[in-house]
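In this note's numbering, the protein residues as written are 63 to 359. Note that beta-carbon positions come from the ideal geometry of N, C-alpha and C, so glycine has one too. Keep in mind that this is a model prediction, so the values were computed, not measured.
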């Protein structure tokens with residue numbers, strides 16, 4: 063187990079190691095016609111991954127020969143550690159990228175409070191003690207500043223793809239390589255079946271997260287974000303700048319609003335259907351065939 067206390071350093075952007083989507087053609091593994099009951103392609107031709115639309119064997123053959131490593135970053139703090147950590151990590155060990163090299167990046171405010179987890183082969187985890195830099199009185203800003211530092215100092219050199227997820231989730235079935243891409247966004251289960259005019263974008267023009275009325279593609283859930291380390295770092299940097307801009311203008315737009323603005327401007331190359339993050343308190347519609355992750359609000 064790797065443990066590190068973070069110290070401030072100069073931030074540099076970098077070039078990611080791979081862009082695997084240029085090598086594997088979409089038509090090799092994805093068939094949007096297999097699910098006529100749902101939207102399977104965006105208007106910018108990015109695939110929306112639903113059960114039945116992808117060929118797992120084709121993807122497995124491709125990624126196995128590349129010997130890739132995938133990272134999964136999660137924040138486990140306060141009572142969330144007691145409530146969710148053990149169940150989240152045990153379910154992730156069972157269902158997240160099975161058969162591939164995986165590094166779990168665990169950010170916590172109390173390393174001693176974390177239970178010991180015995181992981182399967184090819185899996186390890188690294189612990190990082192969250193440091194409060196005192197920039198803003200905000201827990202999420204503290205988390206993002208720490209995450210940004212680890213992306214720069216470690217993650218970019220250690221993995222080919224990385225996901226960041228909320229800890230109040232439980233993996234229920236395979237979350238596999240069909241989810242990998244340069245930039246991966248999660249469709250929000252609460253808002254997927256709602257009218258576009260009802261989506262809760264930030265509408266205040268003064269905010270860095272502003273999206274004008276009548277615009278917007280989908281509403282994305284901040285519980286899951288993935289892609290290359292370069293992409294995830296670019297968003298993290300964008301969010302920290304956007305938050306600072308809003309504070310200077312006496313605004314405090316939610317993290318998810320900044321995420322939706324970023325994805326509106328920088329279209330994701332792959333979208334995960336609500337199957338990948340379903341809220342079990344809702345009645346499950348017929349479009350949701352297999353729940354990959356159950357969200358616990």
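- Runs of the alpha helix (DSSP H) spanning 4 or more residues and lying entirely within the stretch 282 to 309 do not occur at all.
- Out of 299, 218, 263 and 127, the CA that lies nearest to the CA of residue 322 is found in 263.
- When secondary structure is reduced to three states using DSSP, residue 340 falls in the strand class.
- Taking C-beta atoms as the reference points, residue 143 and residue 176 count as a pair closer than 8 Å.
- Under the DSSP definition of a beta bridge, residue 133 partners with 165 and 224.
- Contact fails between the stretch 334 to 349 and the stretch 134 to 149, because fewer than three Cβ pairs, one in each stretch, are under 8 Å apart.
- Looking at the backbone, the Cα of residue 358 and that of residue 283 are separated by about 13 Å.
- According to the DSSP assignment, residue 187 belongs to the beta strand (DSSP E) that extends over 185 to 191.
- A contact is defined here as three or more CB-CB pairs under 8 Å, and the stretch 163 to 174 fails this definition with respect to the stretch 233 to 252.
- For residue 333, the enclosing beta strand (DSSP E) begins and ends at 332 to 334.
- Going by DSSP, residue 210 is part of the alpha helix (DSSP H) stretching over 201 to 212.
- Between residue 94 and residue 109, the CB-CB gap stays under 8 Å.
- In this structure, the beta-carbon distance from residue 246 to residue 291 does not fall below 8 Å.
- Rounded to the nearest whole angstrom, the C-alpha separation of residue 189 and residue 167 is 6 Å.
- Of all C-beta pairs linking the stretch 340 to 355 to the stretch 292 to 304, fewer than three are shorter than 8 Å, placing the two stretches out of contact.
- Taking the Cα positions, residue 237 is about 27 Å away from residue 327.
- Between residue 165 and residue 223, the CB-CB gap reaches or exceeds 8 Å.
- For residue 319, same chain residues with a beta-carbon under 6 Å away, outside a window of 5 residues either side, are 264 and 271 in chain order.
- In this structure, residue 233 sits away from residue 344, with a CB-CB distance that is not shorter than 8 Å.
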